[in-house]
Amino acid sequence: MKTPEERLDAAVRGAGVAPRSDEALQALARAAREELAAHPKPRPWWMDGLVLLGLNLVMGVGAAAAMSWSDLQHGSMTMRSVVAVAWLVVMAVGSVLWLRPGAMTARLLVAGAFVLASLLAIGGASGFDPGAPFFMGLGCAFTECGLALIPVGVLLLLSTRFAAAPSHVFVGALAAASGGALALHLHCSNGTVAHVTLFHLLPAVMLAGLAVLVRRFIRPTSFVP
Amino acid sequence: MERFLDGDARAFDALFSRHVSNLRGYLQRLSGSAAAADDLTQVTFASMVKGRGRFQRGAKVKPWLYAIATNAARDWRRRHKFEAVSDDGELPEGEAEPGVERDPGLEKAVKQALAQLPEAQREAIVLNRYEGLSFAEIAVTAGVTESAVKVRAHRGYERLRELLKGVWP
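Okay, here's the thing in structure tokens:
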């Protein structure tokens, strides 16, 4: 006489499994065998990170070098340099670490670095108000989003190579937007906390959120975690 | 696994033979469809080959493989309505276990009850009860903490008991 637990175990094992012959099961390996024959060498996960890093550097550092520089946003030259380095670190480290397989630690590190860079940017702002209408700050937001558009597009493409969680895409997009934040940090003269927060930092977060939404509609080509 | 990562086809064949049957059973339990389970099994192994550069050397293969299968099943479920019965409207035949007395009524009730569980709870129960993965291994598979998996499984079993009231004492 079986106990209720044993009855449930047996039912659970039996429920809904149709057996397959060995031949039928072997047929299920065809696609994988073809893929293995076509690509005998695996592609390390960090290769895609290097691609994104290169692109982010070109966009972020390129834009920072191409645009005129202003010292008015910054409370001191030291803070100007510290914040610039912080954005560079977020961009460089985040471009690779967003892809790292395994636990959330790497992604939390990138998110933490972004928060730290943001706090430094806010804390180090001079408070200088150039007197332009508030909505003119939209130009900064558009510049940042425009600079991040191609890197985020590439990031979305790269994210289809695995089953990217929203956190992967979010921190990857934050890293991509950090290039624009760096350029604005060096170029923009507005040092008010409201301007820096609303038009330099918030667009990066919103862009990252938008990237997560868009990614939901893109089907991955591989379901590896 | 190391040889497979380096592109050895025979190592792949060995991995495939070791895991395909159980993995297909897992996918059929998640999808409720034999045809979908076949498709998802193919997709899982193809994904494993394509994405093997993301495997962390030294990690366990089984939780990684089930993580791929779970992701593939989630994607499939997003695109298809969950099927509580097989393609032809009948409960598929179960795997014949030697010496085990079958209880088709209870099996059908379990299958329908499982289909009603939230996705995360169903995955935790199926991986633990059917596939024999430990809670720590399921945590790796689901990308959450071990305690979160235990909570999911506990809630899933509670719900399963509620749903099976009258069928299972």
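Which chain is which? The protein sequence lines are B and F, in order. Numbering that gives the first Met the number 0 applies: residue 0 is where the first sequence begins, and numbers increase by one. Numbering that gives the first Met the number 0 applies: residue 0 is where the second sequence begins, and numbers increase by one. Just so it is clear, CB atoms sit at the ideal spot from N, CA and C, and this is done for glycine as well. In this text the structure is predicted, and so the values were computed from the model without any measurement.
Asked: For Arg214/B, which residues of its own chain have a beta-carbon under 8 Å away from its beta-carbon, when the five flanking residues on both sides are left out?; Found: Leu155, Ser158, Ala163, Pro165 and Val168
Asked: Is the stretch 175-192 of chain B touching the stretch 56-64 of chain B, taking contact as three or more C-beta pairs under 8 Å?; Found: yes
Asked: List, in chain order, every chain B residue whose beta-carbon is nearer than 7 Å to that of Met0/F.; Found: Ordered by position in chain B, no residue passes the 7 Å Cβ test against Met0/F, which lies about 12 Å from the chain.
Asked: Within the continuous alpha helix (DSSP H) that includes Leu35/B, where are the two ends?; Found: Arg29 to Ala37
Asked: Could you give the distance in angstroms between the alpha-carbon of Asn189/B and the alpha-carbon of Ala174/B?; Found: 23 Å
Asked: Quick one: does Glu34/B have its CB under 9 Å from some CB of chain F?; Found: yes
Asked: Determine contact between the stretch 31-41 of chain F and the stretch 45-53 of chain B, defined as no fewer than three beta-carbon pairs at a distance below 8 Å.; Found: no
Asked: Given Pro224/B, which residues of its chain have a CB within under 6 Å of its CB, disregarding the five upstream and five downstream residues?; Found: Ala162
Asked: Any beta carbon of chain B sitting closer than 9 Å to that of Lys61/F?; Found: no
Asked: What's the C-alpha gap between Gly93/F and Ala119/F?; Found: Confidence at Gly93/F is low in this model, with a pLDDT of 46, below 50, so its placement is unreliable and no value can be given for it.
Asked: Give me, in chain order, the residues of the same chain whose beta-carbon lies closer than 6 Å to that of His194/B; leave out the 5 immediate sequence neighbours on both sides.; Found: Gly136
Asked: Just checking: is the beta-carbon of Ile137/F within a distance shorter than 9 Å of some beta-carbon in chain B?; Found: no
Asked: Restricting to Cα atoms, I'd like to know which of Met0/F, Ser20/F and Asn21/F is closest to Phe11/F.; Found: Met0/F
Asked: Using a cut-off of 7 Å between C-beta atoms, extract the partners of Ala105/B located in chain F.; Found: Per Cβ cutoff of 7 Å: no residues; Ala105/B is ~12 Å from chain F at best.
Asked: Confirm, please, whether the CB-CB distance from Leu71/B to Ala125/B is below 9 Å.; Found: According to the sequence provided, residue 125/B is Ser. The question's Ala does not apply to it. A contact, by the Cβ cut-off of 9 Å.
Asked: Comparing the C-beta of Gln120/F with each C-beta of chain B, is any distance below 9 Å?; Found: no
Asked: Going along chain B in order, which residues have a C-beta closer than 7 Å to the C-beta of Ser46/F?; Found: Ser221, Phe222 and Val223
Asked: Does chain B have any CB closer than 9 Å to the CB of Ala147/F?; Found: no
Asked: Beta-carbon of Lys164/F versus every beta-carbon of chain B: anything under 9 Å?; Found: no
Asked: Over the uninterrupted alpha helix (DSSP H) stretch that includes Gln27/F, give me the two end residues.; Found: Ala8 to Ser30
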